[in-house]
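All remarks here apply to the structure that follows.
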Amino acid sequence: MFSPRRYFRAAFARVAGIVSAACVLAHCQSQATPLNLPHPPNVPDFMASFLSVSYDFSSSTFQALGFTSDYANGSASISNFGNYSLSATITHAGILTAGTLNIQGDIGAGPETLLTGTLDTGPSGLAFGFQDPAASPPRNIFEFLFTVTGGDPIIVNDFGGLGAVERGVILNAEFQNGGIPFNGTWTSSFNNDGSSGLSDNYGTHFNVPEPASAVLLLLRAGTCVAARRRSCGITHQRRNT
């Protein structure tokens with residue numbers, strides 16, 4: 004005999020199991036997941052060179068400091084280098100909690116701040132990316148997403164305008180040239196040789212999956228399965244009456 008109470012208990016257990024699995028998956032991904040951002044052609048791209056890349060364990064501060072060396076596919080060109088800085092607070096568990104991007108240079112009106120941004124916050128695979136201990140050394144690549152917050156109006160327009168989200172940074176620390184390489188975890192300090200790092204800073208939107216969307220899809224799938232089972236149960240009950 005069909006029991007609605009028993010059925011709904013079973014359905015709830017199934018959906019809860021799906022949600023739990025999604026949460027476990029999200030936690031596992033947060034440990035070390037690259038964003039795998041592509042190098043898109045023909046989009047605005049600030050290139051930074053001679054970067055000192057480091058992470059200080061005591062302050063949880065990641066920094067890439069150097070010079071803005073080129074600007075490609077935009078509405079202006081770099082006539083003189085300027086300072087480049089990317090700074091992020093990354094916990095020892097690999098969670099990015101705050102960060103900023105500041106790109107300076109001269110596009111014809113003298114030295115100025117060309118672009119500023121705030122880094123996305125959260126775990127790797129969502130807010131930023133890096134290579135985990137299983138990756139072959141040197142683990143050079145760090146990826147970040149940012150929201151445009153200011154700068155020269157020409158450049159800001161190239162990058163989608165104020166508030167444009169999920170613009171991307173691909174940073175190569177070049178640890179093979181010296182320093183203390185990144186081992187894939189955030190449990191110790193590391194640094195490159197002080198001048199070999201490079202980065203591309205792209206003015207295009209990068210699509211990165213959101214965990215909330217994945218959980219909602221799983222919930223929807225679980226609900227559909229539960230509804231189908233309920234329909235089958237009622238049909239079976241009617242056939243037996």
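Under the working numbering, the residues of the sequence shown are numbered 4 to 244, in order.
Just so you know, even glycine gets a beta-carbon here, dropped at the ideal spot from N, CA and C.
DSSP places Q179 within a helical segment (H, G or I) once states are collapsed to three. The residue among T116, G163, G182 with its C-alpha nearest the C-alpha of V46 is G163. When DSSP states are grouped into helix, strand and coil, P141 belongs to the coil group.
A distance below 8 Å between beta-carbons, with the five flanking residues on each side excluded, links S55 to the following residues of its chain, in chain order: Q66, A67, L68, G69, N194, N195, G197, S198, G200.
By the Cβ neighbour-count rule, D123 is buried, with 16 or more other Cβ atoms within 10 Å of its own.
Sequence-distant partners of D109 (beyond 5 residues in either direction) whose C-beta falls short of 6 Å from its own C-beta, in its chain, are S82, N83. Contact check for L89 and I173: beta-carbon distance about 11 Å, past the 8 Å limit, so the pair fails to qualify. For W189 and F149, the gap between their C-alpha atoms comes out near 21 Å. Here V56 carries a strand assignment [DSSP, helix/strand/coil]. In the three-state reduction of the DSSP assignment, P126 falls in the strand class. Taken through DSSP and simplified to helix, strand or coil, I110 comes out as coil. Three or more beta-carbon pairs separated by less than 8 Å link the region 151 to 163 to the region 110 to 117, which places the two stretches in contact. Excluding five sequence positions before and after N86, the CB atoms of its chain that fall closer than 6 Å to its own CB belong to Q107, given in chain order. Rounded to the nearest angstrom, the gap between the Cα atoms of G97 and S63 is 10 Å. P136 and G171 have their C-alpha atoms spaced approximately 23 Å apart. For I81, no alpha helix (DSSP H) encloses it, and the DSSP letter there is neither H nor E. Inter-residue distance for P140 and F49 is about 27 Å (C-alpha atoms, whole angstroms). According to DSSP, Q134 shares a beta bridge with no other residue.
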